[in-house]
Each structure stands twice: as C-alpha cells, then as structure tokens.
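Read the structure below first, then the notes.
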Amino acid sequence: MENIFTQWFGDNILAYILIPIPVLIWVSLFALYAVLAERKISAWMQNRIGPNRTDKYGLLQTILDAVKLLQKEIVSPYRTDTIWYNMAPFIVFTAVFLGYAILPFSSVFISADLNIGLFYFFSITSISVVGVLMAGWSSNNKYSLFGGMRTVAQIVSYEIPTALSALVVVMLTGTLSMQKYALIQEGGIFNWYIFGGPGDITKIILIPIMFVSMAILFISTLAESNRTPFDLTEADSELVAGVHIEYSGMRFAMFFFAEYAEMFAVSGVITTLFLGGWQSPFGDLIPFLNGPVMQVFWFLAKSLSLVFVQIWVRWTLPRVRIDQLMTMCWKYLIPITLVNVFLVGIYMLIFN
Amino acid sequence: MAELRTEELTINMGPQHPSTHGVLRLVLTLNGEIVTDVKPVLGYLHRCFEKHAEAMTYPQVIPYTDRMDYLNSMNNELAYVLAAEKLLGIEVPERVEYIRVIMCELQRIASHLVAIGTFGNDAGAFTPFLYCFADREKVLELFEIVCGARLLYNYIWIGGLSHDITPEFVKKTKEFIKYFRPRITQVNNLLSFNKIFIERTANIGILPPDVAINAGCSGPTLRGSGVKYDLRKDDPYSIYHKFDFDVCVGEGRYGVAGDCWNRYFVRALEMEQSLRIIEQAIDNIPEGDIASAVPKRVKPVAGESYVRTESPKGELSYYIISDGSLNPYRVKARSPSFCNLSVINQISRGYMIADVVMILGSFDIVLGCIDR
Amino acid sequence: MEITEIYEKLKKVFETGLGEIKTDIPTEPFFFADADKIDVICMFLRDEESLQFDNLSCLSGVDYDKDNLAVVYHLISYVHNHRLVLKTLAPKSNPVVKTVTDVWAAANWHEREAYDLIGINFEGHPDLRRILLPEDWEGHPLRKDYKVPEFYRGMKVPY
Numbered sequence: 207m208e209n210i211f212t213q214w215f216g217d218n219i220l221a222y223i224l225i226p227i228p229v230l231i232w233v234s235l236f237a238l239y240a241v242l243a244e245r246k247i248s249a250w251m252q253n254r255i256g257p258n259r260t261d262k263y264g265l266l267q268t269i270l271d272a273v274k275l276l277q278k279e280i281v282s283p284y285r286t287d288t289i290w291y292n293m294a295p296f297i298v299f300t301a302v303f304l305g306y307a308i309l310p311f312s313s314v315f316i317s318a319d320l321n322i323g324l325f326y327f328f329s330i331t332s333i334s335v336v337g338v339l340m341a342g343w344s345s346n347n348k349y350s351l352f353g354g355m356r357t358v359a360q361i362v363s364y365e366i367p368t369a370l371s372a373l374v375v376v377m378l379t380g381t382l383s384m385q386k387y388a389l390i391q392e393g394g395i396f397n398w399y400i401f402g403g404p405g406d407i408t409k410i411i412l413i414p415i416m417f418v419s420m421a422i423l424f425i426s427t428l429a430e431s432n433r434t435p436f437d438l439t440e441a442d443s444e445l446v447a448g449v450h451i452e453y454s455g456m457r458f459a460m461f462f463f464a465e466y467a468e469m470f471a472v473s474g475v476i477t478t479l480f481l482g483g484w485q486s487p488f489g490d491l492i493p494f495l496n497g498p499v500m501q502v503f504w505f506l507a508k509s510l511s512l513v514f515v516q517i518w519v520r521w522t523l524p525r526v527r528i529d530q531l532m533t534m535c536w537k538y539l540i541p542i543t544l545v546n547v548f549l550v551g552i553y554m555l556i557f558n
Numbered sequence: 003m004a005e006l007r008t009e010e011l012t013i014n015m016g017p018q019h020p021s022t023h024g025v026l027r028l029v030l031t032l033n034g035e036i037v038t039d040v041k042p043v044l045g046y047l048h049r050c051f052e053k054h055a056e057a058m059t060y061p062q063v064i065p066y067t068d069r070m071d072y073l074n075s076m077n078n079e080l081a082y083v084l085a086a087e088k089l090l091g092i093e094v095p096e097r098v099e100y101i102r103v104i105m106c107e108l109q110r111i112a113s114h115l116v117a118i119g120t121f122g123n124d125a126g127a128f129t130p131f132l133y134c135f136a137d138r139e140k141v142l143e144l145f146e147i148v149c150g151a152r153l154l155y156n157y158i159w160i161g162g163l164s165h166d167i168t169p170e171f172v173k174k175t176k177e178f179i180k181y182f183r184p185r186i187t188q189v190n191n192l193l194s195f196n197k198i199f200i201e202r203t204a205n206i207g208i209l210p211p212d213v214a215i216n217a218g219c220s221g222p223t224l225r226g227s228g229v230k231y232d233l234r235k236d237d238p239y240s241i242y243h244k245f246d247f248d249v250c251v252g253e254g255r256y257g258v259a260g261d262c263w264n265r266y267f268v269r270a271l272e273m274e275q276s277l278r279i280i281e282q283a284i285d286n287i288p289e290g291d292i293a294s295a296v297p298k299r300v301k302p303v304a305g306e307s308y309v310r311t312e313s314p315k316g317e318l319s320y321y322i323i324s325d326g327s328l329n330p331y332r333v334k335a336r337s338p339s340f341c342n343l344s345v346i347n348q349i350s351r352g353y354m355i356a357d358v359v360m361i362l363g364s365f366d367i368v369l370g371c372i373d374r
Numbered sequence: 017m018e019i020t021e022i023y024e025k026l027k028k029v030f031e032t033g034l035g036e037i038k039t040d041i042p043t044e045p046f047f048f049a050d051a052d053k054i055d056v057i058c059m060f061l062r063d064e065e066s067l068q069f070d071n072l073s074c075l076s077g078v079d080y081d082k083d084n085l086a087v088v089y090h091l092i093s094y095v096h097n098h099r100l101v102l103k104t105l106a107p108k109s110n111p112v113v114k115t116v117t118d119v120w121a122a123a124n125w126h127e128r129e130a131y132d133l134i135g136i137n138f139e140g141h142p143d144l145r146r147i148l149l150p151e152d153w154e155g156h157p158l159r160k161d162y163k164v165p166e167f168y169r170g171m172k173v174p175y
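Chains as they are written, first to last, in our numbering: chain U, 207 to 558; chain S, 3 to 374; chain L, 17 to 175.
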C-alpha cells in the first residue's frame, strides 16, 4: 500500500525521513496526555478530582511536569557503569518507539508496510528488556538489580502467550502484515476477528476462541508493559521503584514515557488484530464514515478505549507476586493458548 | 574463571520506605528471593515518653500519651486515665463512661480503616486506600465537632472529659452509622474477597496460637490465629460489660487461621462490631456531669496501678507507680505493637520479600507506639 | 485465685527465693522474689496446673530507691483468668537478674528495653543489646541520677 509520504515526495530519501515525524508527534502527545488521563481517571474512580491547579482541567499539567523534570539536577550514584547507565533509558524508549513503525493508522498511512509486520513488532519491543537489564545492573544498587532480574523474567516469559494468542489470527489470515489484517476485516462490526472474522456462518464456532485469545493477548501485553497487576518491577511498596530508582530528571521521564508509549502500541496491535483496525463498525452502510480521515478516527477510538481499560484495571486490582506471575504464565496462559491454536487449526482443516 | 558466589544477600529495608508503616528498619538476609532472617532495628522514633512523664504532673502526661500511637489517641488516653483513676480511687459519672466508650469505638473504626487501606496499598490496590480514608474523614469530622482536634485530642481527662458533647454530635453520629454500614461491604467486595489479594495474603506468615500467646501478641494479631480473647469481654474495663457485641476470630475462611488474610479480616469484621456498640451507646447516654470532683492538683496516694485495655492494635496497658507527689514516679506504657513485632523473625522465614511486606502490614504496627 | 493463695503455693515449693508479700498497697498487691531464682519461679508459675500464667503482659524496669533497681513482672493467665504482680530487686552496684526468656518469648524484647533504659543485666539473655537507643549510647536514661551527656558523636545533645 502506498504511503502518503511517498505519494507526495516521491520515492526518495526525503519521504523516508519525514515518515516518522507524525508518529513521533503522536507518541509525544499521547504520552503527555495519557499521564494526565490516567491521573484524572484514577481520581474519578477514587472519588476525588485529579490535577486541576494548572488550569481547570489540568491540561497543562504534564507539560509543566516535563519542564520540571528537565530542570532537575542529574544526580547519578557513585560507581555506576557509566556507558550503560546513560544509554539504558534511551534504549528502552527507542525499542518501544520503533514498534510504532507498523501500526496502520489508516489505509494510506502506515509508516512501513512490512510483510512481517507482526513478527517485527514483537521482536523489537523485546529489545527493551536489554535496556531494563542495563539499567538494573549499572545502577550499583541491590534494589534495582532485583527489579531488573524480575523484569527480565517477566517480559521474556510473557512473550510466549503474546505470540501464541496472536498466532490464532495469523493462522486464519495467512499473513503477518498488519495492513492486511485491517483490510481483511472490512464490512462492519461482525466481520471483525473478535466475532470470527470475515467468512460464512460457520465462524460462530470461532467466537469463544477469539474472545479467549483476545483476553489472553490483553493480559499478556499488560505484563509486557509492566502495568498493574503485573507491575512488581516498579512496585512502590516493595522495591521502591525498582529499576528506575537511581534515575532522575529527564532520564526517569524516558522510562515513564516508554511505558505509556508501549501501552498505546500494544493497544494498537490488539485493535488491528481483533477489532478491525481502522475499519468503521458500520461498514458500507454509512459510506462517509469510511474515508481516510475517519479511518484514523476509528483506529484511535478503538485503541484509546483499550488504553482506558488498561488504566481501569491498574487502579482496581492489587499486584501479584513474582512466583504467582510465573505460575500464571507457564501453567495457565500457555496451555490455554496452545489449546486455542490447536482448535483453530482443526476448524481450518474442517471448514476450509 | 571466577567462582560463582552463592552467599546470602543482606538487604536493608531502611527507615524510609513506603511500606514499613513508619520509621522501622528491617535487615533482611536473603537467599535469592527467599528470606532467611529478619532483624528489626527500632528506636528511630524514640521520644523519651517515660522520662518526660516523670517530670510532668498527672494531667500533663495526657497529651504525651496521645502521641504514642497517633492513629489511636482516644484509646491511649483512656488507658492512661483509667490507670490514674484507679490510683486516685475515683468513680466517674455514667455519662462520662458512655461518651468515652463511643469515642473509643469511633477511634477503633478510624484506626482499622487506616490498617485496611494501607494494607491494600502495600498489596498494590490503590483505590480501597482512598475509599477508606474518605470514610475516615467522616470520623475525624465527628471528633472535630466534639473537641476541635482531628488527630490528637487531649479529650479524656482524669475524672471526666474536657468538653461535653452537643446534640449535633449525636445527630451526626447516627448519620455516620447509617452511612458506614454499606461502605464496609463495599471495601470487602473490592479488597477482601478479591482473588489476587487472597493469593497474596492467604497462607503467608502463619502465626500458631501458642507462639502468639507466649510472645505476648494481642489484639487482631492474636485473634487472627483463632484465640478468642478480647479484653473488652475477658477483663472488662469501663462499661463494656453492658454492651452486646461479638469477638471476631480468624476462622480460616480463606487460607489458614493465623495467616495474613485472617489477621486482616478480623479487623474488617471488628469495624462492624464497633458500629454495633456505638449504636447501642448513642441512644442511651444518661444525663449528668462530664467530670467528677477531681482536685486541681492531682496527688494520689503512694501506690501503683496497672490497667489493661483493648486498643485496636492489641493490649495497651499502663503501669503507674506513684510516690505521693504531684508527678508520677514511673510510667510504663506496654504497647501492643512492640510485642506483636517481636514475632516477625519467626514467622517470616521461608517467604519472599513481597510476603515480608504483607506480613508487616498485617501486624498493623505504629512506630510511635513501639518506640515511645 | 487470689495473690495470697498463689504466694502460699509458691512458698511450699520454693522455701528460699521468695521475699515478703505486700498486700497493704491499695491497688495492686505484689510480692518479691529473689533475683537469682526468678527464672525457676516463673517456669513453675507457667507450667503448674492450677496457675498456668501463660502470658507475660509487661516487664518493667524501675529505679526502686537509692540502692536498688527493680524488675516488675505482670503475669496473666488466659486459661484461669487471674493475674499476678511479681517484683525482683537488684542492687545498683551489680544489677543482675536471671532472664525469663525461656519461659515467655515476650520477655526477650522487654528485657532488652529494661537493660537499655535502666541498666539491668539479664543473665542468660540470648541477645542483650540496646533496643531503643543507639548502640553506642552511654548511660541509662530512666535512672533518677542520669545526667544527659554533653556531646554524642560530636553533636551537642541538649539544645
């Protein structure tokens, strides 16, 4: 699919340099306002008002927080491993930001329409593990070492249910390209993969499998981005901020923004796989809701509602312990996803 | 090639830590993530209460007792004042007794709300913490109507009270009772019966009942292990024998009796019982004075007295020795958290760091009480 | 059980080792015991069928008078629901009292506190060190003749 930038600037280096810019703008805006949204939503759930001092709705809050963080003194502890200590936050953020390359915002705007898009996404976001481990080790602090070890164990283990539950859609579609997933689910809400995908009436059999897969994908990606109930790596009450204890100012902000950026990225992936990506739920019934601008609106609406669910879960549930986390992954989630893959395989054999 | 070192790691959960409930230092010795030894280091909040009490007169000690267990001021004052009144041999009017019981039970609800909220906060559930504190605000409002202070009251005086209650207080207390009952159910549904929370706290830190009695544990810590002992029923003081309430015991509804969940749940159940006591008391307050005739300068005979009371944290007792002068000769406060904390080494062995945080939260300690 | 009965019972088992009983104190009658026999007396109090004092409610150190320090034990029985007050005297020149940590585990920290604030040495205590004050503090504050030190580690103490 032609990218809108190559249409405008021709297929040369200028287009490719300009492509990440809208995505970068979106990521920054999102990270800024997701923090505010989280604070306001949590306040709403806890019967209080969130930030309202900067202006009536707290809209400038995060920008001013970022300014505050920029002007903080960069204090580093005594004997850190300087190269790794300085590089770690940037590696974590870069890894997550690179994952945005394959998110299809609309039918004409996708930064890089790789034909191995989904595989690329899961691989690239795993590089953040390296960054976290670097931060944990080089901070010269026992607590951050603990946090780093726990994070590595958690992220690496939860890669497996993530990949396996996404595998269900890959099997049904036969491709790994993100744009193709969005294209296939056209025709209205009942053609989305969560309701079985495009196909004839036999897809009703698939509906429970798809619901379970989407739920497991949601849970595993919560664990990937270290959100409660899986946020033991930054558990305030145990390890006093885990991996990012020794970081101050802008470096700490990088970790923070990486987490919010990853929230949106995984929501975008779940939307594309199961919820129809940028397709309108009304399909061809209401044609003007189908145009490229409206497609961006649908994609953002679906992803942002998933982000809302992530925030909601964070402020409701308590935290699990590290061994319970591992048990849940290896003893419960992986067998269920394997069963799902098996059942979808049987379905495809019988009905195709 | 370097040898792989597998010795034990010593970690310091230092005095400043978000979940040690005050300035407590725990030196943990770990084998991987499993704890092999816990050594509490106390004394960061030692304010020499007992030495001060020897230089003050008897009524002047009361604000100091407030500040010992600062979440629980009414119960602290009551314990000290009962010990002093036993020495002086005075009887207080019945109106005073009723009001004291109401205040102590309201304080019990406030203290348990903090315990439950912060315990949930340690587990990672941030929302019940704020719900509990919102309810606690209502209790503190009631205290403010009566004596003007929200946290440290200096309200219960030797021989009576400092201020009388007003009809507005009675009306607002009745409204509070109606408001609070469904809130206990809400907190239970949100936190106590939550599967993840139960996984975190059930079967952790099991305290056998004989170890608990031998080590001097008391209060919800003891009752969570299944021992049905409540000083309000077994050694009644003030007018608790007139009220009808149950003693809540950890029965192992989830997990085993004696684990963190049962200790925590005893507190949730006790709030309901306190509400019952307040209901029975608020309608029947007799008329009368709020102070009996106590001389301006309190000078008891030479002697000593020891009074045990049931504070929300456990058995709070004061031992006063008087030598016949205006100042007490020796005041010893036996605090419940001091004895409860001493078992932490025994019961934390073999669990993980996350569990140590939960065990510490389930004891509900206040460092002001421990360090005095 | 009343304190006089308990005293008679104890007197039958331990002829030496018990001091006098004081029942004329209006609020809390008590009796004395010797400092070197206190652990066997307490073990007997805990284990004897009709007494069964299974809980040590409080252990306080007291600066008794000019020459003596005292340790006061308040014992409670959960089983029979009676209580007892026991005192031990130790001379200020050599304040040594036998420990009761083997009888009640609660005594462990209480004795450390008594050592810390009053200065009584408990013989046989597994871990006798200061608990509330810093490890290198000098002096025992709750004694009546305690003088606050001028400097502690270079910081001026009374300000």
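Where a beta carbon is used, it is the ideal one built from N, C-alpha and C, also for glycine.
Secondary structure of Gly77 of chain L, DSSP reduced to three states: Here residue 77 of chain L refers to the residue found at position 61 of the third sequence. Here Gly77 of chain L sits in strand by DSSP.
Please confirm if Val526 of chain U has its CB atom under 9 Å from at least one CB of chain S. Here residue 526 of chain U refers to the residue found at position 320 when the first sequence is read from its first residue. So yes, Val526 of chain U belongs to the interface.
Determine, for Asn346 of chain U, whether the minimum Cβ-Cβ distance to residues of chain S falls below 9 Å. Along the first sequence, one-based indexing puts residue 346 of chain U at 140. No, Asn346 of chain U lies away from the interface with chain S (no Cβ there is under 9 Å from its Cβ).
With distances taken between CB atoms, is the gap from Phe470 of chain U to Val233 of chain U smaller than 9 Å? In the first sequence, residue 470 of chain U corresponds to position 264, counting from 1. In the first sequence, residue 233 of chain U corresponds to position 27, counting from 1. Yes, the pair counts as a contact, with Cβ atoms nearer than the cut-off.
The ligand NAP heavy atom lying under 8 Å from the CB of Arg49 of chain S: The ligand content of the structure shown is nil, which means the ligand NAP is not present either.
To the nearest whole angstrom, what separates the beta carbons of Thr331 of chain U and Val449 of chain U, a pair I think is in contact under 8 Å? The sequence position of residue 331 of chain U within the first sequence is 125, counting from 1. The sequence position of residue 449 of chain U within the first sequence is 243, counting from 1. Actually they do not touch by this definition, with Cβ atoms about 16 Å apart.
Can you give me the C-alpha to C-alpha distance between Val605 of chain U and Ala359 of chain U, rounded to a whole angstrom? Here chain U covers residues 207 to 558 and nothing more, so residue 605 of chain U does not appear.
With a threshold of 6 Å on Cβ separation, who are the neighbours of Leu142 of chain S within its own chain once the five nearest residues in sequence on each side are excluded? Along the second sequence, one-based indexing puts residue 142 of chain S at 140. Arg152.
Can you tell me whether Gln213 of chain U is buried or exposed, with buried defined as 16 or more other CB within 10 angstroms of its CB? Numbered from 1 along the first sequence, position 7 holds the residue referred to as residue 213 of chain U. Label assigned to Gln213 of chain U: exposed.
When Cβ atoms are compared, which residues of the region 47-58 of chain L fall closer than 9 Å to chain S? none
Given a threshold of 16 other Cβ atoms within 10 Å of its Cβ, counted over all protein chains shown, does Thr288 of chain U qualify as buried or as exposed? As a position in the first sequence, residue 288 of chain U is number 82, starting the count at 1. With fewer than 16 other Cβ atoms within 10 Å, it is exposed.
So Lys27 of chain L is in the alpha helix (DSSP H); what residue range does that whole segment cover? As a first step, residue 27 of chain L is located in the third sequence; it is residue number 11 there, counting from the start. Per DSSP, Lys27 of chain L belongs to the alpha helix (DSSP H) from Ile19 to Val29.
Taking the straight line between their C-alpha atoms, what separation do you get for Ser443 of chain U and Phe215 of chain U? Walking along the first sequence from the start, residue 443 of chain U turns up at place 237. Walking along the first sequence from the start, residue 215 of chain U turns up at place 9. Unreliable placement is indicated for Ser443 of chain U, whose pLDDT of 46 sits below 50; the coordinate value is still reported in the next sentence. Going by the C-alpha atoms only, they are around 52 Å apart.
If you check the beta carbons only, do Thr67 of chain S and Tyr308 of chain S fall under 9 Å apart? As a position in the second sequence, residue 67 of chain S is number 65, starting the count at 1. As a position in the second sequence, residue 308 of chain S is number 306, starting the count at 1. Not in contact: Thr67 of chain S and Tyr308 of chain S (Cβ atoms no closer than 9 Å).
Suppose the cutoff is 6 Å on Cβ atoms and the five residues either side in sequence are ignored; what does the same chain contact list for Thr39 of chain L look like? For this step, residue 39 of chain L is matched to residue 23 along the third sequence. Pro45.
So Arg351 of chain S and Thr38 of chain S are in contact, right, with Cβ under 8 Å, and what is the actual spacing, rounded? Counting from 1 along the second sequence, the entry for residue 351 of chain S is found at position 349. Counting from 1 along the second sequence, the entry for residue 38 of chain S is found at position 36. About 6 Å separates the two Cβ atoms, so the contact holds.
According to DSSP, is Asp39 of chain S helix, strand or coil? As a position in the second sequence, residue 39 of chain S is number 37, starting the count at 1. Of the three classes helix, strand and coil, the one that applies to Asp39 of chain S here is strand, per DSSP.
Counting beta carbon pairs with one atom in the region 476-493 of chain U and one in the region 376-395 of chain U, are three or more of them shorter than 8 Å? yes
Expressed to the nearest angstrom, what Euclidean distance is found between the alpha-carbon atoms of Ile134 of chain L and Gly305 of chain S? Counting from one through the third sequence, the residue named residue 134 of chain L turns up at place 118. Counting from one through the second sequence, the residue named residue 305 of chain S turns up at place 303. If I take the Cα positions, the gap works out to 20 Å.
Is there a Cβ from chain S that is less than 9 Å from the Cβ of Tyr349 of chain U? The residue labelled residue 349 of chain U in the question sits at position 143 within the first sequence. So yes, Tyr349 of chain U belongs to the interface.
Rounded straight-line distance, which links the Cα of Thr381 of chain U to that of Asn322 of chain U: Residue numbering aside, residue 322 of chain U sits at position 116 when the first sequence is read from its first letter. Residue numbering aside, residue 381 of chain U sits at position 175 when the first sequence is read from its first letter. Here residue 322 of chain U is Ile; the residue named in the question, Asn, does not match the sequence. Cα-Cα distance, rounded: 8 Å.
For the beta strand (DSSP E) containing Phe47 of chain L, name the first residue and the last one. In the third sequence, residue 47 of chain L corresponds to position 31, counting from 1. Phe46 to Ala49 is the extent of the beta strand (DSSP E) around Phe47 of chain L.
Could you tell me the boundaries of the beta strand (DSSP E) in which Lys38 of chain L lies? Position 22 of the third sequence, counting from 1, holds the residue named residue 38 of chain L. Taken as a continuous stretch (DSSP letters only), the beta strand (DSSP E) holding Lys38 of chain L covers Leu34 to Lys38.
Same chain, Cβ closer than 8 Å to Pro404 of chain U, neighbours up to 5 away in sequence not counted: Your numbering for residue 404 of chain U matches position 198 in the first sequence. Around Pro404 of chain U: Ile390, Gln391, Glu392, Gly393 and Asn397.
Looking at the C-beta of Asn71 of chain L, does it have a partner C-beta in chain S at a distance below 9 Å? Here residue 71 of chain L is taken as the residue at index 55 of the third sequence, counted from 1. Closer than 9 Å to some Cβ of chain S, the Cβ of Asn71 of chain L qualifies, so yes.
Distance between Pro157 of chain L and Lys82 of chain L (C-alpha atoms, nearest Å): Along the third sequence, read from residue 1 onward, the residue named residue 82 of chain L stands at position 66. Along the third sequence, read from residue 1 onward, the residue named residue 157 of chain L stands at position 141. About 16 Å.
Quick one: measure Cβ to Cβ for Pro257 of chain U and Leu242 of chain U, integer angstroms, because I've assumed they're closer than 8 Å. Position 51 of the first sequence, counting from 1, holds the residue named residue 257 of chain U. Position 36 of the first sequence, counting from 1, holds the residue named residue 242 of chain U. That pair is a contact at about 7 Å.
Range covered by the alpha helix (DSSP H) that runs through Lys274 of chain U: Position 68 of the first sequence, counted from the start, is the residue given in the question as residue 274 of chain U. Counting along the chain, the alpha helix (DSSP H) containing Lys274 of chain U begins and ends at Gln267 to Leu276.
List the residues of chain U that Arg202 of chain S touches, going by C-beta distances under 8 Å, in chain order. As a position in the second sequence, residue 202 of chain S is number 200, starting the count at 1. Result: Pro524, Arg525, Val526, Arg527 and Gln530.
Residues in its own chain within less than 6 Å of Leu309 of chain U by CB, not counting five upstream and five downstream? Here residue 309 of chain U corresponds to residue number 103 of the first sequence, with the count starting at 1. Gly474, listed in sequence order.
Which residues in the same chain as Ser75 of chain S place their Cβ atom closer than 6 Å to its Cβ, once the five residues preceding and following it in sequence are excluded? Translated into the one-based positions of the second sequence, residue 75 of chain S becomes position 73. Closer than 6 Å at the Cβ level, and outside the excluded window around Ser75 of chain S, lie Asp68, Leu154 and Tyr155.
Would the region 226-237 of chain S and the region 21-38 of chain L be scored as touching if the rule is three or more Cβ pairs under 8 Å? Pairwise C-beta distances place the region 226-237 of chain S out of contact with the region 21-38 of chain L, as fewer than three of them are shorter than 8 Å.
Contact set between Phe128 of chain S and chain U, taken where Cβ atoms lie within less than 7 Å: For the purposes of this step, residue 128 of chain S is taken as residue 126 along the second sequence, with counting starting at 1. Result: Trp521.
Assuming contact is defined by CB atoms lying nearer than 9 Å, are Tyr94 of chain L and Cys74 of chain L in contact in what I supplied? Here the question's residue 94 of chain L lines up with position 78 in the third sequence. Here the question's residue 74 of chain L lines up with position 58 in the third sequence. Against a cut-off of 9 Å, the Cβ pair of Cys74 of chain L and Tyr94 of chain L comes out as no contact.
Using a beta-carbon distance cut-off of less than 9 Å, what residues from the region 147-175 of chain L approach chain S? Ile147, Leu148, Leu149, Pro150, Pro157, Leu158, Lys160 and Tyr162
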